[in-house]
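The next block holds one structure in the form of structure tokens; read it before the comments.
So this is what it looks like as structure tokens:
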């Protein structure tokens with residue numbers, strides 16, 4: 526099983542009464558009032574240090590993503606972060622940019638170019654994430670018409686794959702991207718192209734796209750593995766229905782994890798920061814989540830009829846005390862042995878071969894984050910690494926360069 | 210007052226299936242509804258005493274289908290040309306409310322020969338930095354009455370239809386309906402109408418509620434300045450839906466204009 530240390534890059538010092546005073550953590554939290562660039566300069570150093578530590582301690586991959594105007598993840602350009610990581614991480618770890626929100630880019634050729642650059646800069650260690658993106662990012666921050674979200678995503682995907690795999694120059698006549706000369710320099714180092722990772726929150730169309738194109742699908746939520754079960758089952762059922770072959774490495778899921786020496790210490794050390802995450806970082810009004818038209822009619826129908834908004838609302842009203850968070854699986858926390866057991870159970874239940882480990886949570890300070898990463902790497906990773914190993918599945922979606930550098934690796938800084 | 214007939218009109222081999230309410234006899238009058246939806250209100254009932262009123266539902270709104278065939282505003286304007294052709298309406302008085310007012314103004318600018326007289330009730334379609342039109346999909350639903358009605362707790366506000374939160378079909382229809390409007394006004398309801406309004410030749414009446422907190426009454430003069438000879442009537446005690454909050458006064462100014 527692959528373990529990916531995933532960093533959201535949150536603002537770690539929101540005011541105590543943030544959720545009472547402000548409407549939302551996303552889109553509208555007033556920047557001049559709340560976001561101190563001096564603090565952010567420090568955060569970026571910590572964030573990169575934490576990612577680099579995970580690389581040094583043997584994580585299989587490092588994961589980052591894209592959000593806009595968002596206090597729980599101010600990584601407007603994950604490609605800038607990936608570029609920094611490309612120079613300061615070993616040749617072993619994959620760099621998973623999960624990903625670039627395709628619908629935001631016009632022309633979307635920019636994504637083809639930057640991902641190809643990163644693939645070359647990392648010697649083929651890049652996994653190219655193509656999320657549809659949230660309504661907050663796509664519709665509200667970047668002003669894309671809600672009903673164009675999916676059509677723009679599909680067209681951008683089509684353009685990027687052609688730009689990567691067909692010899693240029695050629696013309697591309699799309700509705701949103703009309704280009705006379707498609708000829709990006711370079712094309713990616715990995716052939717035919719970097720592995721594509723889709724990420725989603727339960728849209729039927731994304732499951733079908735992952736199966737039809739043989740991409741990975743990662744369920745990215747913050748509600749843990751119990752909640753993820755029904756949606757991951759939906760993915761596997763879709764795969765079966767469309768004639769896909771089951772392979773756990775085709776799927777990933779995100780889980781918040783807190784590791785301490787003992788179960789009791791985990792609560793003592795992490796509760797404050799996890800509570801910060803659930804009370805402040807998920808402080809998003811539901812009318813931002815579901816702009817009418819953001820989901821296709823089909824997915825809106827699926828979501829409403831399977832009660833998804835109700836279920837999320839129900840989770841939102843749960844009291845976020847330690848026991849509830851642990852019992853509902855929203856966090857997996859405790860000693861390395863406890864965490865390894867529960868992660869094994871979770872990954873088996875969900876049948877996933879890629880664990881996207883969220884180890885920096887909310888206000889968690891730098892030193893505690895390093896402890897979490899270190900205890901995970903030393904006490905948990907070795908115990909879960911062998912999961913699926915004896916079942917004969919091949920990981921066909923791992924970046925080629927992460928195991929076998931295509932050229933001499935760049936020297937690792939500090940080594 | 211006769212009840213309207215409800216029919217479904219198909220266009221382009223069934224690509225569009227549009228619910229249409231019709232009543233009355235006389236010269237043709239086309240009514241285009243806003244984001245609140247199409248229902249037979251006292252204004253339409255009164256107009257049907259003098260006109261052959263035709264009120265089509267916006268594609269994708271409510272039971273009407275075909276949104277995917279009108280990806281942008283230009284397609285929507287062409288669609289209305291074809292709808293009028295199909296209905297056998299060569300030229301009509303056009304009345305539009307809010308989003309429907311924006312569409313009515315676009316039709317009148319694009320096809321001045323088809324519009325006899327134009328009545329715009331609190332239309333959107335222009336943008337004034339000093340009076341930003343609120344994002345109706347980006348505020349708590351409970352805040353909407355205060356933007357839309359002069360009296361947010363009055364009987365008119367209370368009578369507005371709302372989706373049944375326990376009925377998935379009703380919720381789905383509300384989402385689909387709103388998405389069909391947002392498709393043409395996202396992220397701001399300015400799609401260049403100001404460049405085209407000079408083409409409007411129809412005598413034009415603007416009607417605005419004095420307490421309209423959704424589309425500020427300052428937009429009234431912005432429209433009358435842009436349309437040659439247009440007149441503005443401001444209705445006291447009304448918000449964004451003067452035809453419901455001040456029925457008599459609103460009907461009076463419209464009737465007087467259409468005489």
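Residue numbers (my numbering), protein chains in the order written: chain A, 526 to 940; chain B, 210 to 468. Here a beta-carbon is modelled for each residue, glycine too, at the ideal position from N, C-alpha and C.
By the DSSP assignment, the alpha helix (DSSP H) with residue i in it spans what residues?
i, result
"residue 442 of chain B", "Looking at the DSSP string, residue 442 of chain B is not in any alpha helix (DSSP H); the run it does join, the beta strand (DSSP E), is 440-444."
"residue 764 of chain A", "749-766"
"residue 829 of chain A", "822-830"
"residue 432 of chain B", "428-435"
"residue 255 of chain B", "251-256"
"residue 463 of chain B", "456-467"
Comparing alpha-carbon positions, which option in the options lies nearest residue i?
i, options, result
"residue 684 of chain A", "A:707, A:666 and A:670", "A:707"
"residue 924 of chain A", "A:546, A:570, A:860 and A:774", "A:774"
"residue 231 of chain B", "B:328, B:288, B:264 and B:415", "B:264"
"residue 518 of chain A", "A:584, A:527 and A:767", "Coverage of chain A is limited to positions 526 through 940, which leaves residue 518 of chain A absent and any answer about it impossible."
"residue 736 of chain A", "A:763, A:908 and A:714", "A:763"
"residue 294 of chain B", "B:327, B:218 and B:267", "B:218"
"residue 253 of chain B", "B:403, B:273, B:404 and B:328", "B:328"
"residue 544 of chain A", "A:741, A:750, A:566 and A:801", "A:801"
"residue 318 of chain B", "B:446, B:435 and B:277", "B:435"
"residue 348 of chain B", "A:552, A:692 and A:725", "A:552"
"residue 622 of chain A", "A:586, A:616 and A:631", "A:586"
Can you give the Cα-Cα distance for residue i and residue j, rounded to whole angstroms?
i, j, result
"residue 670 of chain A", "residue 628 of chain A", "10 angstroms"
"residue 361 of chain B", "residue 760 of chain A", "45 angstroms"
"residue 809 of chain A", "residue 728 of chain A", "20 angstroms"
"residue 863 of chain A", "residue 531 of chain A", "21 angstroms"
"residue 285 of chain B", "residue 798 of chain A", "51 angstroms"
"residue 448 of chain B", "residue 601 of chain A", "40 angstroms"
"residue 452 of chain B", "residue 339 of chain B", "26 angstroms"
"residue 861 of chain A", "residue 790 of chain A", "12 angstroms"
"residue 910 of chain A", "residue 370 of chain B", "56 angstroms"
"residue 456 of chain B", "residue 330 of chain B", "13 angstroms"
"residue 806 of chain A", "residue 540 of chain A", "12 angstroms"
"residue 393 of chain B", "residue 314 of chain B", "14 angstroms"
"residue 840 of chain A", "residue 821 of chain A", "24 angstroms"
"residue 688 of chain A", "residue 722 of chain A", "18 angstroms"
"residue 432 of chain B", "residue 415 of chain B", "8 angstroms"
"residue 267 of chain B", "residue 222 of chain B", "18 angstroms"
"residue 384 of chain B", "residue 825 of chain A", "8 angstroms"
"residue 581 of chain A", "residue 662 of chain A", "32 angstroms"
"residue 868 of chain A", "residue 227 of chain B", "53 angstroms"
"residue 874 of chain A", "residue 281 of chain B", "45 angstroms"
"residue 709 of chain A", "residue 893 of chain A", "43 angstroms"
"residue 811 of chain A", "residue 468 of chain B", "48 angstroms"
"residue 342 of chain B", "residue 296 of chain B", "34 angstroms"
"residue 814 of chain A", "residue 659 of chain A", "7 angstroms"
"residue 726 of chain A", "residue 741 of chain A", "14 angstroms"
"residue 538 of chain A", "residue 887 of chain A", "9 angstroms"
"residue 657 of chain A", "residue 554 of chain A", "23 angstroms"
If you follow the beta strand (DSSP E) that residue i is in, where does it begin and where does it stop?
i, result
"residue 336 of chain B", "That residue, residue 336 of chain B, is in no beta strand (DSSP E); it is neither H nor E in DSSP."
"residue 543 of chain A", "No beta strand (DSSP E) holds residue 543 of chain A; the alpha helix (DSSP H) holding it covers 543-546."
"residue 306 of chain B", "301-306"
"residue 698 of chain A", "695-698"
"residue 219 of chain B", "214-220"
"residue 722 of chain A", "721-725"
"residue 417 of chain B", "413-418"
"residue 527 of chain A", "527-531"
"residue 703 of chain A", "703-707"
"residue 781 of chain A", "776-784"
"residue 377 of chain B", "Looking at the DSSP string, residue 377 of chain B is not in any beta strand (DSSP E); the run it does join, the alpha helix (DSSP H), is 377-394."
Along chain B, in chain order, which residues have C-beta atoms closer than 9 angstroms to that of residue i?
i, result
"residue 679 of chain A", "What residue 679 of chain A touches in chain B: nothing, since even the nearest Cβ is about 14 angstroms away."
"residue 817 of chain A", "346, 383, 384, 385, 386, 387, 388, 389, 390 and 391"
"residue 555 of chain A", "Within chain B, no residue comes near residue 555 of chain A; the closest Cβ sits about 15 angstroms away, beyond 9 angstroms."
Closer than 7 angstroms by beta-carbon distance: list the chain B residues that pair up with residue i, in chain order.
i, result
"residue 630 of chain A", "By Cβ distance, chain B contributes nothing, its closest Cβ being about 17 angstroms from residue 630 of chain A, past 7 angstroms."
"residue 830 of chain A", "377"
"residue 903 of chain A", "Going along chain B, no residue has its Cβ under 7 angstroms from residue 903 of chain A, so there is no contact; the nearest lies around 46 angstroms."
Applying a beta-carbon distance threshold of less than 9 angstroms, which residues of chain A neighbour residue i?
i, result
"residue 395 of chain B", "664, 668, 669, 670, 671, 672, 673, 816 and 818"
Find the residues of chain A that neighbour residue i, judging by a C-beta separation of less than 8 angstroms, and give them in chain order.
i, result
"residue 285 of chain B", "Here the premise fails: no neighbours, minimum Cβ distance about 13 angstroms."
Residues of chain A with a CB under 7 angstroms from the CB of residue i: which are they?
i, result
"residue 380 of chain B", "829"
Residues of chain B with CB under 8 angstroms from residue i, in chain order?
i, result
"residue 755 of chain A", "The contacting residues do not exist; residue 755 of chain A stays about 17 angstroms from chain B at best."
(request) Please confirm if the region 342-357 of chain B is in contact with the region 437-444 of chain B, defined as three or more CB-CB distances below 8 angstroms between the two stretches. (result) no
(message) Quick check: the region 416-424 of chain B against the region 842-858 of chain A, are at least 3 beta-carbon pairs closer than 8 angstroms?
(response) no
(message) Does the contact criterion of 3 or more C-beta pairs under 8 angstroms hold for the region 404-422 of chain B versus the region 367-378 of chain B?
(response) no
(message) Using 8 angstroms as the cut-off, can you tell me whether the region 639-651 of chain A makes contact with the region 604-614 of chain A, which would need three or more C-beta pairs spanning the two stretches below that distance?
(response) yes
(message) Quick test of the definition: if touching needs 3 or more C-beta pairs under 8 angstroms, does the region 584-600 of chain A touch the region 555-572 of chain A?
(response) yes
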